[in-house]
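Below is one structure, written out as structure tokens; the observations come after it.
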């Protein structure tokens, strides 16, 4: 929850100027009532979440120290002020940052015994940005970008956001603004950074040989976490229920912990997710709320729409879906946590399945880039060297994250989803959600991630292991059909397994070629209809961005929306 900034700057006059700029930007983002603490050469500012009554518990002054939190932290099963105070009393040094008693998704600043520390959860699900030359860190990218310390376009960071929907590694579209490496624990008074959650932390142990043992370990972890949610947020836990695996697994864990969450499903009345959820709700009496987003969009369309400057501030500049929101996305995010609720999301459950749909063999980081990070037309990039640098950067970021080069073992390939997709793409959404209130993706818990890498691929394929996990925690829930046409109890039929097996056998170069062919066919059809993007896409104003990108050759509305978002955000940062 909330927002924060940190300044490590010896010059008090410069520190004062920087702080005023940060406070002004965060004020435009609707954060007010800053709480501050200082130390020699440094200052921290922390803000409550607007319109969320429980967020004040995220700042605790204790003796001559303090602890401040953005996000949602659990310690020894407690949450809120009780968790932060207990953590402060138990904190000793950087080793405390990786204590197994800690869980949740957070950025923490803790001052104790004359030392000030800053760090996040092991995956880094709440982002921290920095302007290194100014000694500034903040949970807000926009506050850093508007600092006035330089605004040079970073071509690699720009292409990453445009085509991936988020920034990976440390680069962002502005060269002077970086993502703080999530692996690091920072000692702000000593000026040191310690690699605590890097590749060594995640190195996989041997595969499980006993499936029952794996099921017990992961199910117990899920129910233990659900118990903490129930104690801290009883009757205020919100969760989706769709036709897939992940939301049902979370529901199973909550019910096993004695918590009946407020559940909802998105979709029209005839949507498969809605029909599946309603069937479960009819029998289990869960008080399901079905939300038809089309109706919500119509309601939003009839009201006053936020302007782009307001959206830019609310979404912190660079959301995955862009800032061209009509108000419905903003309303959804505010409502899910407005009353101090804990909103749970099934994102990350892919760690329990074969997310990349690849066969059980080694692959290189470049293979993964071809398969998963090449959903664009290379001709849209006007700078060939920037395009090469972007692809090389993604591959090197993957290798650094998993701690291996060349052909990656299948276990290292499985680490790519949590350490790249989860750590950078999912976390961007989670960071925005945390600005509104408590929000978690429980299936990306570090202990579950470490266990998931030990699951043989033959267990993960077709969702078989996750289906058994649901059945172990809540056999009744496992009996209901999913949108895939089978129930977890039944498991996937032969036809489904064959379909998935055929997809797994396609090598990366075939999948990349297929994606290119589909893009060309789509463009040809649009041209035959007289609606090709080149004729309908307005050009960019002359700028470093227009020198890099040809808007007419973007292959999706999502890419075009992110391009317009970049144009607006970079304009506010004077790039």
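Numbering (the working numbering), first residue to last: -9 to 565. Note that the Cβ used here is the ideal one computed from N, Cα and C, for glycine as well. Because the structure is a prediction, the values reported are computed rather than measured.
**Asked** Rounded to a whole number of angstroms, what is the C-alpha to C-alpha distance between residue 499 and residue 480?
**Response** The C-alpha of residue 499 lies about 35 Å from the C-alpha of residue 480.
**Request:** Spatial neighbours of residue 556 within its chain, please: CB distance less than 8 Å, with the 5 preceding and 5 following residues excluded, ordered by chain position.
**Result:** Excluding sequence positions up to five before and after residue 556, its CB lies within less than 8 Å of the CB of 148, 151, 152, 163, 308 and 535, all in the same chain and listed in chain order.
**Item:** Where residue 173 sits in the DSSP three-state scheme
**Value:** Reduced to three states, the DSSP call for residue 173 is coil.
**Message:** Output needed for residue 208: all residues of its chain with C-beta closer than 7 Å, excluding positions within five of it in sequence on either side, in chain order.
**Reply:** Closer than 7 Å at the Cβ level, and outside the excluded window around residue 208, lie 438, 441 and 459.
**Request:** Report the rounded CA-to-CA distance for residue 347 versus residue 484, giving the unit in angstroms.
**Result:** Take the alpha-carbon of residue 347 and the one of residue 484: they are about 17 Å apart.
**Request:** On a CA-only basis, which of 98, 122 and 120 is nearest residue 112? Give me that one, please.
**Result:** Measuring from the Cα of residue 112, the nearest candidate turns out to be 98.
**Prompt:** Quick one: Cα of residue 564 to Cα of residue 154, how far?
**Reply:** Straight through space, the alpha carbons of residue 154 and residue 564 are spaced by roughly 23 Å.
**Request:** Check whether the Cβ of residue 548 sits closer than 6 Å to any heavy atom of the ligand ATP, and report yes or no.
**Result:** Here there are no bound small molecules, and the ligand ATP is not part of this structure.
**Request:** Report yes or no: is there a C-beta of chain D within less than 7 Å of the C-beta of residue 306?
**Result:** In the structure shown, chain D cannot be found, because there is only a single protein chain.
**Asked** Can you list the alpha helix (DSSP H) stretches of 4 or more residues lying completely in the region -6 to 73, in chain order?
**Response** Within the region -6 to 73, the complete alpha helix (DSSP H) runs of at least 4 residues fall at 2 to 18.
**Asked** Quick one: what does DSSP say residue 254 is sitting in, helix, strand or coil?
**Response** Residue state, collapsed to three classes: strand.
**Asked** In chain order, what residues of the same chain lie with their CB nearer than 6 Å to the CB of residue 497, ignoring the 5 residues before and after it?
**Response** None.
**Request:** Classify residue 539 as helix, strand or coil using the three-state DSSP reduction.
**Result:** When secondary structure is reduced to three states using DSSP, residue 539 falls in the strand class.
**7 Å Cβ cutoff met for residue 429 and residue 321** = Not closer than 7 Å, so no.
**Item:** Integer Cβ distance of residue 15 from residue 130, believed to fall under 8 Å
**Value:** Taking 8 Å as the upper bound for CB-CB distance, residue 15 and residue 130 are in contact here, some 7 Å apart.
**Item:** Three-pair Cβ contact test at 8 Å for the region 63 to 76 versus the region 124 to 140
**Value:** By the Cβ test, the region 63 to 76 is not in contact with the region 124 to 140, since fewer than three Cβ pairs between them sit closer than 8 Å.
**CB-CB length for residue 116 against residue 57, believed under 8 Å** = Contact doesn't hold; Cβ gap of about 15 Å is too wide.
**Message:** Contact between the region 206 to 225 and the region 234 to 252 is defined here as three or more beta-carbon pairs at a separation below 8 Å; is this criterion met?
**Reply:** Three or more beta-carbon pairs separated by less than 8 Å link the region 206 to 225 to the region 234 to 252, which places the two stretches in contact.
**Message:** Check for me: the alpha helix (DSSP H) holding residue 136 runs from which residue to which?
**Reply:** Counting along the chain, residue 136 falls outside any alpha helix (DSSP H), and DSSP gives it neither H nor E.
**Item:** Per DSSP, cross-strand counterpart(s) of residue 105
**Value:** Answer is 102, bridged to residue 105.
**Request:** Figure out for me which residue from 410, 103 and 381 has the closest Cα to the Cα of residue 390.
**Result:** The residue with the shortest Cα to Cα distance from residue 390 is 410.
**Message:** Mapping the DSSP letters down to three states, classify residue 566 as helix, strand or coil.
**Reply:** Because the chain in this structure spans residues -9 to 565, residue 566 falls outside the shown range and cannot be described.
**Request:** Return the chain-ordered list of same chain residues with a C-beta closer than 8 Å to the C-beta of residue 454, the five sequence neighbours on each side being excluded.
**Result:** Hits under 8 Å: 481 and 482.
**Prompt:** Considering only residues of the same chain and omitting the five flanking positions on each side of residue 94, which have a CB-CB separation below 6 Å?
**Reply:** So the list reads 62, 63 and 64, once near-sequence residues are dropped.
**Request:** Answer with buried or exposed for residue 225, where buried requires no fewer than 16 other C-beta atoms within 10 angstroms of its C-beta.
**Result:** With fewer than 16 other CB atoms across the displayed protein chains lying within 10 angstroms of its CB, residue 225 is exposed.
**Prompt:** Using a Cβ-Cβ cut-off of 6 Å (strictly less than) and excluding sequence neighbours within five positions of residue 40, which residues of its own chain qualify?
**Reply:** Taken in chain order, the residues that qualify are 20.
**Request:** Rank 200, 2 and 360 by C-alpha distance to the C-alpha of residue 448 and give the top, closest one.
**Result:** Among 200, 2 and 360, the Cα nearest to that of residue 448 is on 200.
**Message:** Do residue 84 and residue 185 have their beta-carbon atoms positioned less than 7 Å apart in this structure?
**Reply:** No, the pair does not count as a contact, with Cβ atoms beyond the cut-off.
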